[in-house]
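Notes follow the structure.
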Amino acid sequence: MEHTKISTIEGLNKYREKILESKKNELPTVFVCGGTPCLAKGSRQVFEAFKKEFGAQGLTGSVELGIKTTGCQGFCNKGPLVAFADKDIVYMGVKPEHVPEIIEKTVKKGEVIESLGYRDPQTKKWATEYSRIPFYGHQKKLVLKDVGQLDPAKIDDYISRGGYSALAKAFSMNPDTIIDNIEQSGLRGRGGGGFPTGRKWRSCKAIKTDVRYVICNGDEGDPGAFMDRSIMEGNPHAIIEGMIIGAYAVGSNQGYAYIRDEYPLAIENMKTAIEDARGLGLLGKNILGSNFDFDIKISRGGGAFVCGESSALMRSIGGNVGEPRAKYIRSVEKGLYDKPTVLNNVETWANVPLIITGGVQGYRKVGTKGSPGTKVFSLAGKVVNTGLVEVPMGITLRELVFDIGGGIPKGKKFKAVQTGGPSGGCIPESLLDLQIDFDSLSDAGSMMGSGGIIVMDEDTCMVDVAKYFITFLVGESCGKCTPCREGLRRMLDILTGITEGRGKQGDIELLEELCDVLKWGALCALGTSAANPVLSTIRYFRDEYEAHIKEKRCPAGVCKELITYRIDEDKCTGCTVCAKKCPQKCISGEKKKPHTIDASKCIKCGVCKTVCPFDAVIVE
Amino acid sequence: MAIDIQKVDEIVFGYEQSKESLLPILQDFQREFSYVPEEGIKRLSDIFGVPESRIYAMATFYKAFSLVPKGRHTIKVCMGTACHLKGAPFVVEAIERELKIKPGQTTEDRRFSLETVNCVGTCALAPVVVIDEDYYGGSTSENIIKNLKRYT
Chain A
1 MEHTKISTIE
11 GLNKYREKIL
21 ESKKNELPTV
31 FVCGGTPCLA
41 KGSRQVFEAF
51 KKEFGAQGLT
61 GSVELGIKTT
71 GCQGFCNKGP
81 LVAFADKDIV
91 YMGVKPEHVP
101 EIIEKTVKKG
111 EVIESLGYRD
121 PQTKKWATEY
131 SRIPFYGHQK
141 KLVLKDVGQL
151 DPAKIDDYIS
161 RGGYSALAKA
171 FSMNPDTIID
181 NIEQSGLRGR
191 GGGGFPTGRK
201 WRSCKAIKTD
211 VRYVICNGDE
221 GDPGAFMDRS
231 IMEGNPHAII
241 EGMIIGAYAV
251 GSNQGYAYIR
261 DEYPLAIENM
271 KTAIEDARGL
281 GLLGKNILGS
291 NFDFDIKISR
301 GGGAFVCGES
311 SALMRSIGGN
321 VGEPRAKYIR
331 SVEKGLYDKP
341 TVLNNVETWA
351 NVPLIITGGV
361 QGYRKVGTKG
371 SPGTKVFSLA
381 GKVVNTGLVE
391 VPMGITLREL
401 VFDIGGGIPK
411 GKKFKAVQTG
421 GPSGGCIPES
431 LLDLQIDFDS
441 LSDAGSMMGS
451 GGIIVMDEDT
461 CMVDVAKYFI
471 TFLVGESCGK
481 CTPCREGLRR
491 MLDILTGITE
501 GRGKQGDIEL
511 LEELCDVLKW
521 GALCALGTSA
531 ANPVLSTIRY
541 FRDEYEAHIK
551 EKRCPAGVCK
561 ELITYRIDED
571 KCTGCTVCAK
581 KCPQKCISGE
591 KKKPHTIDAS
601 KCIKCGVCKT
611 VCPFDAVIVE
Chain B
621 MAIDIQKVDE
631 IVFGYEQSKE
641 SLLPILQDFQ
651 REFSYVPEEG
661 IKRLSDIFGV
671 PESRIYAMAT
681 FYKAFSLVPK
691 GRHTIKVCMG
701 TACHLKGAPF
711 VVEAIERELK
721 IKPGQTTEDR
731 RFSLETVNCV
741 GTCALAPVVV
751 IDEDYYGGST
761 SENIIKNLKR
771 YT
């Protein structure tokens, strides 16, 4: 559509009607998932095949309308995924050769091709409807509703699905009423801490000042988390709409979106979205005739985990080294450039339009009393179905891991689920029926964090997991405060000792003491929460620590110094693959006869276990 | 290594002269030259009137920057939690053995630089290795060595 500035709310409604009118009588649009995992699995080729085939079959309507690349459609390990506008159909593992049939049957006639759907591993039955596929059926998509159903680079797509109508409604409300609404909705910061968003906005507004800022925190640095990335890539306008509403409510004219430089597509889509919104007059001067001016700048992060912390992020925007400052200075009073600032995370901003459109009561229908709404999680690790999911707050971990996630692959036993990244903890099987909300996760010694959910099975060593997170944190500690800079290093020394068989009586207690110092003494929230991975694993898996320390044994068979590789004579067929691939050349044996490993030369690189076709390599 | 000072100027003058521009300029240096060159820092310091030490502080604080030139291809092994659990350490070790370099280093012939990164956000494909712009999911100590051969 032709882009001229829209200057009134009525103009926006007319613009929307015009888009919808132009889309009438078109065949249903095909949505090819353009999330990174699907791209890696070849969705670009599927997209090209659709484009070609549309032309070849002489279909009416422009190719651009008929086929679109979308943001992440969620079921990442089944990609490339293909969906259809306003149809309850999803296809998985689509290859270019499937395309002619899809157009012939599904696009033209609305017929379903069952064999491209989901096959239940137990019942062996096929399903192509979202509601009948457990991975999707148990979800509640509100924030992600439009992700996968629109082209993120097209503002018209967003507007045609009701986009920016929340902004129009907000302009008819008093700014203070908007803050009341956000407060009453119970929306809490989705970035980790769960601070009430409305209260943050109110405190910022209460400060007398000439300039205020709003910031979107898109520096998603937790390992194992890709929710914010998916929203920025898949529906950037929802974030921008939320930010404009927030800015209008608190009285700010300048916004910033701080995005990890490692997310090039997220930056590109946010940039396009901001430019398009500006082109239509939804950013800039006198937005929709409201007399309100607002614009957004993008700031690219430099790859520092600590910049996800609000005060560090603000210093980084200002062109400084991203070091946090003490918490008693609140950023709602003195934030960016020492001006009152509201900083919210990507997902939080994307919730704002939902509250304005649906109203407080509507929003509170989903979720729990203390944590209303939904939460987007990235589900990964040792779990059958991996990907991006959105569930109502209050769902249990069991539902998330077993109903949506499909349980543990290869018949292994569930051990723990890690939430909250390096600031969170590991939750054991006994707490699987725990409801997921901000408070119950904190009570269990973990935290919501930004929403990474990593499932661990019996082959995961919990001491190694603790060491993994502390190694990460040592590398990312900014070095400003002593408990974090020095304490983490000492913790890593102790943990390394334990995993290498040098653990001694009293190590666990010393770790706990160091954790305590960190909890009370670190400067920023990332430091104070850095103790969680260690404390939670000690709390729930003390026996594993003790096995390492007292028996010099790694029960999960992970810690190199405490394990040996051996070949199972009954299973080994003497195929010689391992002997050929062993970098140490320490596997020997005759052809077609069981082989043996010379333990004195073995460097435990795991190559033999990886290449063995008969699963004959045993780790003890 | 001599660098094109004209390119440096193009980048620096493309931005507004404010502190806010320092980080994006360094990012552009990194992208253009595959590292942050000393000449670039000097020039930026002159033009912006910001002490070199301040620019160095940023260039060494943020992970995205390297002060030495990178190889023609960058291997990023994801060390995110999901990748770690699914065997990323084995993958890094296999590459270390094959190329005889450690993470953070570049091969002598400048063919590869090896990096470990925290999370590339494609946990569903774990363990993931990204070589230049290509994502390799389900990497093992075995298949990654084959994949390296595609890059010259």
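Chains as they are written, first to last, in our numbering: chain A, 1 to 620; chain B, 621 to 772.
Ideal Cβ placement from N, Cα and C applies to all residues, glycine included.
- prompt: What is the DSSP secondary structure of D375 of chain A, reduced to helix, strand or coil?
  reply: Per the sequence presented here, residue 375 of chain A reads as Lys, with Asp not at that position. In the structure shown, K375 of chain A sits in a strand (DSSP, three-state: E or B).
field: Cβ distance (whole Å) where Y213 of chain A is taken to contact K339 of chain A below 8 Å
entry: Contact flag correct, Cβ pair sits at about 6 Å.
query: Shortest alpha-carbon distance to E97 of chain A belongs to which of A:R502, A:D516 and A:Q45?
result: The residue with the shortest Cα to Cα distance from E97 of chain A is A:Q45.
- prompt: Alpha carbon to alpha carbon, what distance is there between E309 of chain A and N532 of chain A?
  reply: If you draw a straight line from the Cα of N532 of chain A to the Cα of E309 of chain A, it is about 17 Å long.
- prompt: Which residues in the same chain have their Cβ closer than 6 Å to the Cβ of I603 of chain A, if we skip the five residues on either side of it in sequence?
  reply: For I603 of chain A, where only same-chain residues beyond five positions count, the Cβ hits under 6 Å are Q584.
- prompt: Looking at C-alpha atoms only, which residue of A:F135, A:V112 and A:T123 is the closest neighbour of Q73 of chain A?
  reply: In terms of CA proximity to Q73 of chain A, A:F135 leads the group A:F135, A:V112 and A:T123.
task: Return helix, strand or coil for R278 of chain A, following the three-state DSSP convention.
output: The answer is helix: DSSP assigns R278 of chain A an H, G or I state.
- request: Using beta-carbon positions only, say whether V30 of chain A and F47 of chain A come within less than 7 Å of one another.
  value: For V30 of chain A and F47 of chain A, no; Cβs fall outside 7 Å.
field: Listed by chain order, chain B residues near D261 of chain A by CB distance under 8 Å
entry: Think of a sphere of 8 Å around the beta carbon of D261 of chain A: the chain B residues whose beta carbon falls inside it are Q647 and A684, in chain order.
- prompt: Looking at the unbroken beta strand (DSSP E) that takes in M393 of chain A, where does it start and where does it end?
  reply: Element bounds for M393 of chain A: n/a, residue is neither H nor E.
field: Extent of the continuous alpha helix (DSSP H) run through C578 of chain A
entry: Run containing C578 of chain A: V577 to K581, per the alpha helix (DSSP H) assignment.
query: Cβ of D338 of chain A versus every heavy atom of the ligand ZN: is any distance shorter than 6 Å?
result: Within the structure as shown, the ligand ZN is missing, as the structure has no ligands at all.
message: Is the beta carbon of V455 of chain A closer than 7 Å to that of K382 of chain A?
response: The answer is yes: Cβ separation under 7 Å.
field: Contact set between the segment 66-77 of chain A and chain B, restricted to residues whose Cβ is under 7 Å from the partner
entry: C76 and N77: these are the residues of the segment 66-77 of chain A whose beta carbon lies less than 7 Å from some beta carbon of chain B, given in chain order.
message: When you compare the CB positions of L642 of chain B and G58 of chain A, do they come within less than 7 Å of one another, or not?
response: When the beta-carbon positions are compared, L642 of chain B and G58 of chain A stay at least 7 Å from each other.
query: Taking A304 of chain A as the reference, which of A:F472, A:G117, A:G503 and A:R539 has the closest Cα?
result: Of the candidates A:F472, A:G117, A:G503 and A:R539, the one whose C-alpha sits nearest the C-alpha of A304 of chain A is A:F472.
- prompt: Would a check of beta-carbon distances place R315 of chain A closer than 7 Å to chain B?
  reply: By this cut-off, R315 of chain A is not an interface position.
field: Whole runs of the alpha helix (DSSP H) within the segment 161-186 of chain A, excluding any shorter than 4 residues
entry: The qualifying runs are 165-171 and 175-185.
- prompt: Since G192 of chain A meets chain B, which of its residues come closer than 8 Å, beta carbon to beta carbon?
  reply: Residues of chain B with a Cβ closer than 8 Å to the Cβ of G192 of chain A do not exist; the shortest Cβ-Cβ separation is about 15 Å.
Residues from the segment 288-305 of chain A in contact with chain B, defined by Cβ distance under 9 Å: For the segment 288-305 of chain A, the set of residues with a beta-carbon nearer than 9 Å to any beta-carbon of chain B comprises K297, S299, R300, G301, G302, G303, A304 and F305, in chain order.
message: Give me the chain A residues within the contact set of N767 of chain B, using Cβ-Cβ distance strictly less than 8 Å, ordered along the chain.
response: Annotation: N767 of chain B has no Cβ neighbours in chain A at a cutoff of 8 Å; minimum Cβ distance is about 13 Å.
field: Coarse secondary structure for P428 of chain A, derived from DSSP in three states
entry: Residue state, collapsed to three classes: strand.
- request: Quick one: give me the first and last residue of the beta strand (DSSP E) that G242 of chain A is part of.
  value: Premise fails: G242 of chain A lies in the alpha helix (DSSP H), P236 to V250, not in any beta strand (DSSP E).
query: Got a sec? Which residues, its chain only, sit under 7 Å from Y363 of chain A by beta carbon, not counting five neighbours each side?
result: So the list reads S185, L354, I355, P372 and G373, once near-sequence residues are dropped.
query: Under a Cβ-count criterion, where at least 16 other Cβ atoms within 10 Å of its own Cβ denotes burial, should A238 of chain A be classed as buried or exposed?
result: A238 of chain A comes out buried.
task: Report back the beta-carbon spacing between I287 of chain A and G281 of chain A to the nearest angstrom; my notes put them in contact at under 8 Å.
output: About 7 Å separates the CB atoms of I287 of chain A and G281 of chain A; that is less than 8 Å, so the two are in contact.
message: Determine whether the beta carbon atoms of Y540 of chain A and P428 of chain A lie at a separation below 7 Å.
response: In this structure, Y540 of chain A lies near P428 of chain A, with their beta-carbon atoms less than 7 Å apart.
Neighbourhood of F54 of chain A by C-beta distance below 8 Å, restricted to the same chain and skipping five residues each side: Once the five neighbours on either side are set aside, the close Cβ partners of F54 of chain A are V63, G66, I67 and I103.
- prompt: Taking 7 Å as the CB-CB cut-off, is Y130 of chain A touching chain B?
  reply: It does not: the Cβ of Y130 of chain A has no partner Cβ on chain B nearer than 7 Å.
Beta-carbon contacts of E323 of chain A that lie in its chain and below 7 Å, excluding the five residues immediately before and after: Residues of the same chain with a CB within less than 7 Å of the CB of E323 of chain A, apart from the 5 flanking positions on each side, are A312, R315, C478 and K480 in chain order.
- request: Return the first residue and the last residue of the beta strand (DSSP E) that N217 of chain A is part of.
  value: For N217 of chain A, the uninterrupted beta strand (DSSP E) run begins and ends at Y213 to G218, by DSSP.
- request: Compute the beta-carbon to beta-carbon distance between G246 of chain A and V90 of chain A, rounded to the nearest angstrom, for a pair I have assumed lies under 8 Å.
  value: Actually they do not touch by this definition, with Cβ atoms about 33 Å apart.
- request: Run through the segment 649-716 of chain B for me and flag every whole beta strand (DSSP E) of 3 or more residues, listed as ranges in chain order.
  value: Counting only runs of 3 or more residues that sit fully inside the segment 649-716 of chain B, the beta strand (DSSP E) segments are 693-698, in chain order.
task: Could you please give me the residues that DSSP links to K609 of chain A through a beta bridge?
output: The partner list for K609 of chain A (beta bridge, DSSP) is empty, contrary to what the question assumes.
query: For F139 of chain A, is the classification buried or exposed, using 16 other Cβ atoms within 10 angstroms of its Cβ as the cut-off for buried?
result: Per the sequence shown, residue 139 of chain A should be read as Gln rather than Phe. It counts as buried.
- request: Please list the partners that L687 of chain B has in chain A, where partner means a Cβ-to-Cβ separation under 7 Å.
  value: Simply none; closest approach about 14 Å.
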